[in-house]
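Residue numbers (the numbering used here): 1 to 151.
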């Protein structure tokens, strides 16, 4: 009397070897590995499907950062504006605020060429005028040429 469960491989349906233990389920190590991979893939799919269902259930509409209109729950993750127009408007507003701060903070420093005190809007301004900038450039270029001849 043979048990139906034990005489066939549960992966491929082939016959189990005659010397197989009574609790053996697979005909070969390859079938055992394939069966394990198939079971793990099914478990992963069920787990991911449950996560997706749970995530959809907890999602709700969220307000646009610019105008307050509701963004649908099924919109892309991380979307904070309802439209490109709102995104552009927010970007322009932030850029204007930075510009106002930069204009409000003036730095008093001497001109790098003539030493005259200037009010610089930011760290990049080093000269009081274009002429002083040109003079500095010409002086540095002449020094570089002299250095090239001496070596």
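By construction, the Cβ of each residue, glycine as well, lies at the ideal position given by its N, Cα and C atoms.
Residue 143 lies in the beta strand (DSSP E); which residues open and close that run? Position 143 of the chain shown, counted from the first residue, corresponds to residue 143. First-last for residue 143: 130 to 150, but that is the alpha helix (DSSP H), not the beta strand (DSSP E).
Just verifying my parser: in three-state terms, what is the DSSP assignment at residue 70? Along the chain shown, one-based indexing puts residue 70 at 70. Residue state, collapsed to three classes: strand.
If you drop the 5 nearest sequence neighbours on each side, which residues of the same chain put their C-beta closer than 6 Å to that of residue 34? Here residue 34 refers to the residue found at position 34 when the chain shown is read from its first residue. Around residue 34: 11.
Could you say which of 149, 68 and 107 lies nearest to residue 86 if we only look at CA atoms? The count along the chain shown starts at 1 and reaches residue 86 at position 86. Out of 149, 68 and 107, 68 has the C-alpha closest to the C-alpha of residue 86.
Residues of its chain near residue 89, where Cβ-Cβ distance is below 7 Å and the 5 sequence neighbours each way are ignored: Numbered from 1 along the chain shown, position 89 holds the residue referred to as residue 89. Only 66 meet the Cβ criterion.
Grab the span of the alpha helix (DSSP H) containing residue 159 for me, first residue to last. Not covered by the structure: residue 159. The range shown for the chain is 1 to 151.
Got a sec? Which residues, its chain only, sit under 8 Å from residue 123 by beta carbon, not counting five neighbours each side? In the chain shown, counting from the first residue as 1, residue 123 sits at position 123. Answer for residue 123: 107, listed in chain order.
Local Cβ density within 10 Å of residue 91, reported as buried at 16 or more and exposed below that: The residue you call residue 91 lines up with position 91 of the chain shown. Residue 91 should be labelled exposed.
On the three-state DSSP scale, how would you describe residue 90? Start at 1 with the first residue of the chain shown, and residue 90 comes out as number 90. Note: residue 90 maps to helix in three-state DSSP.
Might you give, ordered along the chain, the residues of its own chain that have their beta carbon closer than 6 Å to the beta carbon of residue 128, omitting 5 neighbours on each side? Taking the chain shown and counting its residues from 1, the one referred to as residue 128 is at position 128. Closer than 6 Å at the Cβ level, and outside the excluded window around residue 128, lie 111, 116 and 118.
Among 26, 121 and 134, the one whose alpha carbon lies nearest that of residue 100: If you number the chain shown from 1, residue 100 lands on position 100. Of the listed residues, the one whose Cα sits closest to residue 100 is 121.
Count the other CB atoms, across all protein chains shown, that sit within 10 Å of the CB of residue 26; report buried if there are 16 or more and exposed otherwise. Residue numbering aside, residue 26 sits at position 26 when the chain shown is read from its first letter. Flag for residue 26 reads buried.
Measuring only the C-alpha atoms, how far is residue 143 from residue 133? Within the chain shown, numbered from 1, the residue matching residue 143 stands at position 143. Within the chain shown, numbered from 1, the residue matching residue 133 stands at position 133. So the alpha carbons of these two residues sit roughly 16 Å apart.
Taking the alpha carbon of residue 32 as the reference point, which residue from 16, 43 and 61 has its own alpha carbon closest? Taking the first residue of the chain shown as position 1, residue 32 is located at position 32. When only C-alpha atoms are compared, the closest one is 16.
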